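Written below as structure tokens is the structure these notes are about.
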Amino acid sequence: MVSVLRHARRARHIAEQVPDPELPMLTLADLGVLREVEVGDDGTVVASLTPTYSGCPAMAEMRAGVATRLRNAGFARVEVRTVLDPPWTTDWITPEGRRKLAEHGIAPPGPAPRRVSGPVPLTLTPTRRQVVCPRCGSADTEESSRFGATSCKALWRCRACREPFEYVKEI
Amino acid sequence: MSDDNVYMALAEGHEDDTRWAYGTGFEDPLHGVDTTVPDGVDAAELAALCVALGDDALVSAQRLAEWTTRAPELEEEMALANIGLDLLGQARLLYSRAGQADGTERGEDAYAYFRDPDDFRNVTLAELPGGDFAFSMARLLVLSSWRLAHFEGLTASPDPVLAAIAAKGVRELTYHRQYAAEWVIRLGDGTEESHRRMRAGLQQVTAYLGELFDAYDARDEVLAVLRQIADAAGLALPEMTRDDEGPGRQGRHTDHLAPLLTELQSVARAHPEATW
Numbered sequence: 001m002v003s004v005l006r007h008a009r010r011a012r013h014i015a016e017q018v019p020d021p022e023l024p025m026l027t028l029a030d031l032g033v034l035r036e037v038e039v040g041d042d043g044t045v046v047a048s049l050t051p052t053y054s055g056c057p058a059m060a061e062m063r064a065g066v067a068t069r070l071r072n073a074g075f076a077r078v079e080v081r082t083v084l085d086p087p088w089t090t091d092w093i094t095p096e097g098r099r100k101l102a103e104h105g106i107a108p109p110g111p112a113p114r115r116v117s118g119p120v121p122l123t124l125t126p127t128r129r130q131v132v133c134p135r136c137g138s139a140d141t142e143e144s145s146r147f148g149a150t151s152c153k154a155l156w157r158c159r160a161c162r163e164p165f166e167y168v169k170e171i
Numbered sequence: 001m002s003d004d005n006v007y008m009a010l011a012e013g014h015e016d017d018t019r020w021a022y023g024t025g026f027e028d029p030l031h032g033v034d035t036t037v038p039d040g041v042d043a044a045e046l047a048a049l050c051v052a053l054g055d056d057a058l059v060s061a062q063r064l065a066e067w068t069t070r071a072p073e074l075e076e077e078m079a080l081a082n083i084g085l086d087l088l089g090q091a092r093l094l095y096s097r098a099g100q101a102d103g104t105e106r107g108e109d110a111y112a113y114f115r116d117p118d119d120f121r122n123v124t125l126a127e128l129p130g131g132d133f134a135f136s137m138a139r140l141l142v143l144s145s146w147r148l149a150h151f152e153g154l155t156a157s158p159d160p161v162l163a164a165i166a167a168k169g170v171r172e173l174t175y176h177r178q179y180a181a182e183w184v185i186r187l188g189d190g191t192e193e194s195h196r197r198m199r200a201g202l203q204q205v206t207a208y209l210g211e212l213f214d215a216y217d218a219r220d221e222v223l224a225v226l227r228q229i230a231d232a233a234g235l236a237l238p239e240m241t242r243d244d245e246g247p248g249r250q251g252r253h254t255d256h257l258a259p260l261l262t263e264l265q266s267v268a269r270a271h272p273e274a275t276w
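Residue numbers (the UniProt record's numbering), protein chains in the order written: chain Y, 1 to 171; chain L, 1 to 276.
Structure representation (structure tokens):
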């Protein structure tokens, strides 16, 4: 029993350290997509991941990364499952993850928009966001494109230091 | 990694075999999800709904992808390709769910590549050629508003898998609608020429609203959005006429669907057993 627990802790630690393929400064734990890591009585490791965006092409890579690292660490039987519920939002990104994003010149997301259940909310004007330039710290920034090089990022520019930067948009 | 030939480098063996996000041989996107259809849910109805919503998404994604290299600006190409990618992801999840629910255990590729136009259940608005950029934005506004309302409803689906797919999609669709709405306003409230073309695009799209509302009645939500955006754009909301050739939900399509599918399916059909 004790050894199963120790295995589970070790397996969890290994899975947590897998880097995200598109934001490699983040681990899967920082990104908040690793939901559970369990070790069964027969030694099988079951890791559960949740996708960020429905069409995120990095999902297969994440799954493969978790399986490979666990196998290389001596876990012979590894299963990586998908969990859809509850859906991932940018609120799952840890404070540590946000710090790392900013350190690497990517503005971290603000709080995810609250989804109102029932009828479609009709306010289409974007909530006024305060995005701080990750390079110079100025709040005098503007969006240049809501869609960037990956599903999760938007393109912004800083009017103070004139540098463009990426921004993990709230979802 | 081989430096002399980029294609050789791509084909090289890797530690893991799922590195590349294109081609066939993908892992099931619902891998490991509990896929039992709960008691009280009509499996055939669930499968049909998943196929129809998957077809809307796949066909829309293909039309959006056609803008790549042809959009007004690079930023717009990225935006349209990103929106298409979200929809493609929704289609993959929905097709996988359909294959489990209808008992055939077909994978996503069977639905996307190996069905003929008559078997597709997408609304006909999705299959119309991209045409003018203004038309494409009007269509995106209508389809994303309608799909958003539909998905909002489906978050309460008795099927937990479909409910989870919908909950995920709602957040994505909100961004799509926002993007389209901003363009409709920008063009409608722009120059005389952009106003004229935006008005024509909106006119063309409204003729297909009836088919959408027959498939899922989100009349109030969609019309309220259209009215709100048309007001902001200085456009009058056109009379709702009806001249669609559908309904696509019953497999009746315009002549535009077959060529779209021919292109989409050509490689998979030329090499039906291939994985790459």
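Glycine residues also receive a C-beta, built at the ideal position from the N, C-alpha and C atoms. Computed from a predicted model, the values in this text were never measured in an experiment.
- Put simply, the CB of Y167 of chain Y is far from chain L, with every gap to its CB atoms at 7 Å or more.
- Here W146 of chain L carries a helix assignment [DSSP, helix/strand/coil].
- Taking a Cβ-Cβ cut-off of 9 Å, the neighbours of P160 of chain L in chain Y comprise L84 and D85, given in sequence order.
- Identification of chain Y residues near E75 of chain L by a Cβ-Cβ cut-off of 8 Å yields S144, S145, F147 and L155, ordered along the chain.
- N72, E79, V80, R81, T82, V83, L84, D85, P86, P87, W88 and T89: these are the residues of the segment 71-101 of chain Y whose beta carbon lies less than 9 Å from some beta carbon of chain L, given in chain order.
- Of all residues in the UniProt domain "MIP18 family-like" (16-71) of chain Y, only S48, P51, Y53, S54, G55, C56, P57, A58, M59, A60, E61, R63, A64, G65, A67 and T68 come within less than 8 Å of chain L when Cβ atoms are compared, listed by chain position.
- Counting the other Cβ atoms within 10 Å of the Cβ of L173 of chain L gives 16 or more, which makes it buried.
- Per the DSSP secondary-structure output, R157 of chain Y pairs in a beta bridge with Y:E142 and Y:P164.
- The straight-line gap separating the alpha-carbon atoms of S151 of chain Y and N82 of chain L is approximately 6 Å.
- For V225 of chain L, the CB contacts under 8 Å within the same chain, skipping 5 residues up- and downstream, are L141, S145, R177 and A181 in chain order.
- Under DSSP, E38 of chain Y shares a beta bridge with Y:V46.
- For R81 of chain Y, the enclosing beta strand (DSSP E) begins and ends at V78 to T82.
- Your pair V37 of chain L and L46 of chain L checks out as a contact, with CB atoms roughly 7 Å apart and the cut at 8 Å.
- The Cβ of G89 of chain L sits closer than 7 Å to at least one Cβ of chain Y.
- Rounded to the nearest whole angstrom, the C-alpha separation of F133 of chain L and A230 of chain L is 17 Å.
- Between the segment 42-58 of chain L and the segment 89-108 of chain L, the count of C-beta pairs closer than 8 Å reaches three or more; the two stretches touch.
- Against chain Y, the CB of A164 of chain L has a partner CB under 7 Å away; the residue lies at that interface.
- Three or more beta-carbon pairs drawn from the segment 161-168 of chain Y and the segment 130-140 of chain Y are found closer than 8 Å, and the two stretches are therefore classed as touching.
- Using a Cβ-Cβ distance cut-off of 8 Å, the segment 185-196 of chain L and the segment 111-123 of chain L are not in contact, since fewer than three pairs of beta carbons, one from each stretch, lie closer than that value.
- Under DSSP, A107 of chain Y shares a beta bridge with Y:Y167.
- With a beta-carbon spacing of about 17 Å, T89 of chain Y and A58 of chain Y fall beyond the 8 Å limit used to define contacts.
- Contact annotation: A15 of chain Y and A64 of chain Y have beta-carbon atoms that are not nearer than 7 Å.
- Listed along chain Y, no residue sits closer than 8 Å to L46 of chain L by beta-carbon distance, the nearest being about 16 Å off.
- Within a 10 Å sphere around the beta-carbon of E211 of chain L sit 16 or more other beta-carbons, which makes this residue buried.
- For R81 of chain Y, the closest C-alpha among the options Y:V37, Y:M25, Y:W156 and Y:E22 is that of Y:V37.
- The beta carbon of I171 of chain Y falls within 7 Å of a beta carbon belonging to chain L, placing the residue at that interface.
- One finds nothing in chain L with a Cβ atom closer than 9 Å to the Cβ of S3 of chain Y; even the nearest lies about 25 Å away.
- Residue environment: M62 of chain Y is assigned as buried (16 or more neighbouring CB atoms within 10 Å of its CB, all protein chains considered).
- Taking 8 Å as the upper bound for CB-CB distance, A154 of chain Y and K169 of chain Y are in contact here, some 4 Å apart.
- With contacts defined by Cβ atoms closer than 7 Å, V59 of chain L and A138 of chain L do not form a contacting pair.
- In terms of CA proximity to P108 of chain Y, Y:Y167 leads the group Y:Y167, Y:L34 and Y:P21.
- Under a criterion of Cβ atoms nearer than 7 Å, the residues of chain Y adjacent to N82 of chain L are, in order, F147 and S151.
- Secondary structure of P117 of chain L (DSSP, three-state): helix.
- Within its own chain, the residues whose Cβ lies closer than 6 Å to the Cβ of A163 of chain L, once the five positions on either side in sequence are excluded, are T155 and S157, listed in chain order.
- Excluding its 5 nearest sequence neighbours in each direction, R69 of chain Y has C-beta neighbours in its own chain below 6 Å: I14 and V18, listed in chain order.
- For G32 of chain L, at least one C-beta of chain Y is nearer than 7 Å to its own C-beta.
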